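Engineer: Sharing a structure, written as structure tokens. Questions coming.
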Amino acid sequence: MRPGRAPGSHQAPSGAAARVLRPLLAPGVTLAVRLYRSGVRPLPSRAVRKIIHIDCDCFFAAIEMRDDPRLAGRPMAVGGAPDRRGVIATCNYEARAFGVHSAMASRQALALCPQLLIVRPRFEAYKAASRQIHAILQDYTELIEPLSLDEAYLDVSDSAHFSGSATRIAQDIRRRVREQLDITVSAGVAPNKFLAKIASDWHKPDGLCVITPPEVDAFVAALPVARLHGVGKVTAERLARLGIQRCSDLREWQRLALVREFGSFGERLWQLARGIDERPVRVERRRQTLSVEHTFDRDLPDLAACVAELPALLEQLEHRLARLDSAYRADKPLVKLKFHDFTQTTLEQAGAGRDGGSYQRLLAAAFARGGRPVRLIGVGVRLVDLREGGEQLVLFE
């Protein structure tokens, strides 16, 4: 059901989605679409929001290609050296065509693409570009929720720009970023955060996707459940075993049945399958921890196998810490293990450093608690908020 990717500005699923998805629409919904397009607006049960999700296209790689044009048009990635258990932070689309992706070991990436050029990250350059993007976003609304250096939500429900058109605001943001920074961003426009984030990925790179309120029902019905917020590989496989492939399948389940099967997440699944997401765009996001984790295709049988995975995970953690807002300071280290029977344990140690030895000792202590094969390892840090008086957090700085 997903349209082919193409560069440029796309406004989908307006028009095209209604034609493609009409067989999935109930008669009443089809009528609502016709009424909406003819100018008739039904009275909403709640205020309709206008949310934009902005996501830079392969941000780190885009900055490197901009600053060194010799890198453009060839497979390249930003990451660590392969001979030191380096990890790919991001890569351009030429490299992705070979199967290279973020969080992949650099050695594995080179095996997939021998001509891949890996450059070391320049985080100061990325932060400078991020500040420029944030300055552009602030021209349209104060309701901005940064997710990282290259990604943010905007609530433009009350914006007067372009007569309140969220689509035109998104178009203008993309134009200005392209002209001022010489990189591209993709944007999604929708009535909530869940759908706006999916929409921003719909026509990457350099794309725009708009999901209007009357299109939500049909769009979500055809959506694979693997695209739902919070559904990872394990949950997707579990849903598949239950015969649930798309949200239309998920809608056949009663709310209580989903809660019995998936606990509190079952309630979230019931809502997402209907396109419901009431989360507000939060201007201030206070974080307590920062971590990275990896679920292995095969369980790690012993402590030695777990220790062997530490260097790659710690490098990923350092990449994330380099992108952390200066309002926070990394404090005590923590390690999380999930065993093959899905039991899990988390350990942290006050006063310990963030060196490999500290994490290895925490890992050994956590493994001793279970003494069973491990399916997931997470490493992270507890964060200390350095702000006084609750000033606004801006991850772009």
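Using the numbering used here, read the sequence shown as starting at 34 and increasing by one per residue.
Glycine residues also receive a C-beta, built at the ideal position from the N, C-alpha and C atoms.
Given the structure is predicted, the values throughout are model-derived calculations rather than measurements.
Output the boundary residues of the beta strand (DSSP E) element that contains Tyr186.
Structural biologist: Its beta strand (DSSP E) spans residues 184-188.
Engineer: Can you tell me whether Phe375 is helix, strand or coil according to DSSP?
Structural biologist: If DSSP states are grouped into helix, strand and coil, Phe375 belongs with coil.
Engineer: Using a Cβ-Cβ distance under 8 Å, would Cys242 count as near chain C?
Structural biologist: Included in the structure is just one protein chain, with no chain C present.
Engineer: My output table needs one value for Lys365: the three-state DSSP class, helix, strand or coil.
Structural biologist: The answer is strand: DSSP assigns Lys365 an E or B state.
Engineer: Based on DSSP bridge pairs, tell me the residues matched to Leu333.
Structural biologist: BP columns for Leu333 point to Val407.
Engineer: Kindly indicate the opening and closing residues of the alpha helix (DSSP H) around Gly240.
Structural biologist: Careful: Gly240 lies outside any alpha helix (DSSP H) and carries neither H nor E.
Engineer: Checking 8 Å against the spacing of the C-beta atoms, do Leu305 and Leu261 come in under that value?
Structural biologist: For Leu305 and Leu261, yes; Cβs fall inside 8 Å.
Engineer: Going by beta-carbon coordinates alone, are Asp188 and Val314 separated by less than 8 Å?
Structural biologist: The answer is yes: Cβ separation under 8 Å.
Engineer: Cutting at 6 Å between CB atoms, please list the residues of its own chain near Arg209, excluding the five before and the five after it.
Structural biologist: If we look at Arg209 and ignore the five residues flanking it on each side, its Cβ neighbours are Ile169.
Engineer: Would you kindly work out how many angstroms separate the C-alpha atoms of Gly112 and Pro102, rounded to a whole number?
Structural biologist: So the alpha carbons of these two residues sit roughly 18 Å apart.
Engineer: On the DSSP bridge assignment, give the partners of Tyr181 in chain order.
Structural biologist: Note that residue 181 is Ser in the sequence shown, not Tyr. In the DSSP output, where bridge partners are listed per residue, Ser181 has Glu184.
Engineer: For the candidate residues Cys89, Leu396, Gly197, whose alpha-carbon lies nearest to that of His236?
Structural biologist: Among Cys89, Leu396, Gly197, the Cα nearest to that of His236 is on Cys89.
Engineer: Enumerate in chain order the residues of its own chain whose CB-to-CB distance from Val222 is below 6 Å, with the five nearest sequence positions on each side excluded.
Structural biologist: Result list for Val222: Ile85, Ala199, Thr200, Ala203, Val243, in chain order.
Engineer: Beta-carbon separation of Ala255 and Arg279 under 8 Å?
Structural biologist: Result yes, Cβ atoms of Ala255 and Arg279 sit closer than 8 Å.
Engineer: Note down the Cα distance separating Pro147 from Val340, rounded to an integer number of angstroms.
Structural biologist: Each residue's alpha carbon lies about 28 Å from the other.
Engineer: DSSP on His86, reduced to helix/strand/coil?
Structural biologist: Reduced to three states, the DSSP call for His86 is strand.
Engineer: May I ask which residues mark the beginning and end of the alpha helix (DSSP H) holding Val109?
Structural biologist: The sequence shown places Met at residue 109, not Val. First-last for Met109: 109-112, but that is the beta strand (DSSP E), not the alpha helix (DSSP H).
Engineer: What does the alpha-carbon distance come out to for the pair Ile216 and Glu184?
Structural biologist: Ile216 and Glu184: Cα-Cα distance of roughly 14 Å.
Engineer: Where do the ends of the beta strand (DSSP E) carrying Ala223 lie?
Structural biologist: 218-223 is the extent of the beta strand (DSSP E) around Ala223.
Engineer: Determine, using beta carbons only, whether Gly132 and Leu145 come nearer to each other than 8 Å.
Structural biologist: Going by C-beta atoms, Gly132 is nearer than 8 Å to Leu145.
Engineer: Please state whether the Cβ-Cβ distance between His373 and Pro406 is less than 8 Å.
Structural biologist: Going by C-beta atoms, His373 is nearer than 8 Å to Pro406.
Engineer: Taking DSSP as the reference, what is the three-state secondary structure of Leu176?
Structural biologist: Residue state, collapsed to three classes: coil.
Engineer: Between the Cα of Pro344 and those of His134, Arg408, Arg117, Gly403, spot the shortest distance and give me the residue it belongs to.
Structural biologist: Ranking the options by Cα distance to Pro344, first place goes to Arg117.
Engineer: Just to confirm the assignment, what range does the alpha helix (DSSP H) spanning Ala360 have?
Structural biologist: Run containing Ala360: none; DSSP gives neither H nor E here.
Engineer: My output table needs one value for Ser233: the three-state DSSP class, helix, strand or coil.
Structural biologist: Three-state DSSP puts Ser233 in a helix.
Engineer: So Gly403 packs on Thr376, CB below 8 Å; how close in whole Å?
Structural biologist: That pair is a contact at about 7 Å.
Engineer: Determine the burial state of Gly240: buried for a count of at least 16 other Cβ atoms within 10 Å of its Cβ, exposed for fewer.
Structural biologist: Counting Cβ neighbours within 10 Å, Gly240 comes out buried, since at least 16 surround it.
Engineer: Residue range of the beta strand (DSSP E) that Cys124 falls in?
Structural biologist: Residues 121-124.
Engineer: Using CA atoms only, rank isn't needed, just tell me which of Ala114, Ser219, Thr245 is closest to Ile151.
Structural biologist: That would be Ala114, whose Cα lies nearest to the Cα of Ile151.
Engineer: To which residues does DSSP link Arg415 through a beta bridge?
Structural biologist: Beta-bridge pairing links Arg415 to Thr322.
Engineer: Exposed or buried, what is Ala59 when buried is set at 16 or more other beta-carbons lying within 10 Å of its beta-carbon?
Structural biologist: Confidence in Ala59 is poor, its pLDDT being 39 and thus under 50, which makes the residue's placement too unreliable to answer from.
Engineer: Output the distance between the C-alpha atoms of Arg415 and Leu396, rounded to the nearest integer angstrom.
Structural biologist: Cα-Cα distance, rounded: 16 Å.
Engineer: I'd like to confirm the pairing. Which residues does DSSP put opposite Val314 in its beta bridges?
Structural biologist: Per DSSP, none; premise fails for Val314.
Engineer: At 3 residues or longer, and completely inside the stretch 114-166: list those beta strand (DSSP E) runs for me, N to C.
Structural biologist: If we require 3 residues or more, the beta strand (DSSP E) runs fully inside the stretch 114-166 come out as 121-124, 150-152.
Engineer: Just confirm the distance between the C-beta atoms of Gly119 and Glu381, as a whole number of angstroms; I'd bet it's less than 8 Å.
Structural biologist: Actually they do not touch by this definition, with Cβ atoms about 26 Å apart.
Engineer: When the Cα atoms are used, what is the spatial distance from Arg207 to His194?
Structural biologist: Going from the Cα of Arg207 to the Cα of His194 covers about 15 Å.
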